[in-house]
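Numbering follows full-length UniProt numbering, in which position 112 of the sequence shown is assigned residue number 112; successive positions increment by one, without gaps. For glycine and all other residues, C-beta sits at the position ideal for the given N, C-alpha and C. To start, the structure itself, in structure tokens.
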Amino acid sequence: MAYTLEQIFEALGKVENGGTMVADLQTLISSARNEAAANRVERNKVLDALGLRGSDNPEASLNNLRTTLEALKKTGNPESLGSQFAALQNQVKELTDKYAASEEKAKAEHTKRINTAMHSALQSALAKGNALNPDAFVKLLSDQVVVGDDDSLGMKSGDKMVSIEEGVNGWLAGNPWAVKNTAAGGAGSGGVGAPKKTYTMDDLKGMTPEQINKNWDNIKNSLEKG
Numbered sequence: 001m002a003y004t005l006e007q008i009f010e011a012l013g014k015v016e017n018g019g020t021m022v023a024d025l026q027t028l029i030s031s032a033r034n035e036a037a038a039n040r041v042e043r044n045k046v047l048d049a050l051g052l053r054g055s056d057n058p059e060a061s062l063n064n065l066r067t068t069l070e071a072l073k074k075t076g077n078p079e080s081l082g083s084q085f086a087a088l089q090n091q092v093k094e095l096t097d098k099y100a101a102s103e104e105k106a107k108a109e110h111t112k113r114i115n116t117a118m119h120s121a122l123q124s125a126l127a128k129g130n131a132l133n134p135d136a137f138v139k140l141l142s143d144q145v146v147v148g149d150d151d152s153l154g155m156k157s158g159d160k161m162v163s164i165e166e167g168v169n170g171w172l173a174g175n176p177w178a179v180k181n182t183a184a185g186g187a188g189s190g191g192v193g194a195p196k197k198t199y200t201m202d203d204l205k206g207m208t209p210e211q212i213n214k215n216w217d218n219i220k221n222s223l224e225k226g
């Protein structure tokens, strides 16, 4: 026969030396309540597990449950209820583990979703601004993107926040070496005296604008090759 919580509490009230196990039960239920408050779906699972889902005021019911447990601390736990109490502990632990796994999964999915949106927005703005190598510059500019509390994306520009497009346009304007040369005619880049070194995005992060401009022909060739 499976015991209900009410039956277990009633039995606990009639015995002695069960304060420790009652305290453990109170801690487990209190922990389940705190985790449930952070998420409506998870909250309902906890209420279902405790048999409180149908209550008009679940919060008050849980508080009453804690009050009842406080009163039961002076009572005991009979040997006959040991297996039922252990089963209840396992059920609460199982719920707690599921909540933790669910929260971790949701956090990972949220991070992935934000990163995808950020990369897409940066790449689009860079392509629109005629960036020389949008894919490479996405990595360079990712650190400047800020995610708002509402998951909105923006970029740091001095002491203020601007849209991704504004931030990218500002960066391209300040780094003309990163923009494709769309002008027709003129002397071609990468003359005879151009350096042979191959540059990477990591190299660019450590270079000053003067160094970039000085070696621009070779940098451009390196970026075009990917």
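Keeping to the same chain, check which residues put their C-beta closer than 7 Å to that of residue i; ignore five residues upstream and five downstream.
i: residue 163; result: 154
i: residue 121; result: 153, 164
i: residue 150; result: none
i: residue 185; result: Interpretation of residue 185 is limited by its pLDDT of 47, a score under 50 that renders its predicted location unreliable; no figure is taken from the coordinates.
i: residue 213; result: 177
i: residue 106; result: none
i: residue 117; result: 153
Just to confirm, is the Cβ distance from residue i to residue j under 8 Å?
i: residue 201; j: residue 136; result: yes
i: residue 126; j: residue 168; result: yes
i: residue 131; j: residue 100; result: no
i: residue 133; j: residue 204; result: no
i: residue 138; j: residue 110; result: no
Going by the DSSP bridge assignment, what does residue i pair with across the sheet?
i: residue 227; result: Lying outside 1 to 226, the shown extent of the chain, residue 227 is not represented and no answer is given.
i: residue 131; result: 179
In its own chain, which residues sit with a C-beta less than 8 Å from the C-beta of residue i, not counting the 5 before and 5 after it?
i: residue 146; result: 153, 154, 155, 156, 161
i: residue 180; result: 130, 131, 132
Which of the three DSSP states is assigned to residue i in this structure?
i: residue 207; result: coil
i: residue 160; result: strand
i: residue 96; result: helix
i: residue 197; result: coil
i: residue 265; result: Nothing can be reported for residue 265: it is not among the residues displayed for the chain, which extend from 1 to 226.
i: residue 150; result: coil
i: residue 191; result: Confidence in residue 191 is poor, its pLDDT being 45 and thus under 50, which makes the residue's placement unreliable; the coordinate value appears in the next sentence. Looking at residue 191 - three-state DSSP - the assignment turns out to be coil, as it is neither helix nor strand.
Closest Cβ-Cβ distance between residue i and chain D: below 8 Å?
i: residue 87; result: Given the protein chain composition of this structure (a single chain), no chain D is represented.
Hey, out of the options, whose CA is closest to residue i's CA?
i: residue 228; options: 175, 103, 159; result: As shown, the chain starts at 1 and ends at 226. That puts residue 228 outside it, with no answer to give.
i: residue 172; options: 206, 128, 221, 115; result: 128
i: residue 166; options: 198, 124, 180; result: 124
i: residue 197; options: 221, 148, 206, 144; result: 221
Looking only at its own chain, which residues have a Cβ that is under 6 Å from the Cβ of residue i, when we skip the five neighbours before and after it?
i: residue 141; result: 122
i: residue 148; result: none
i: residue 96; result: none
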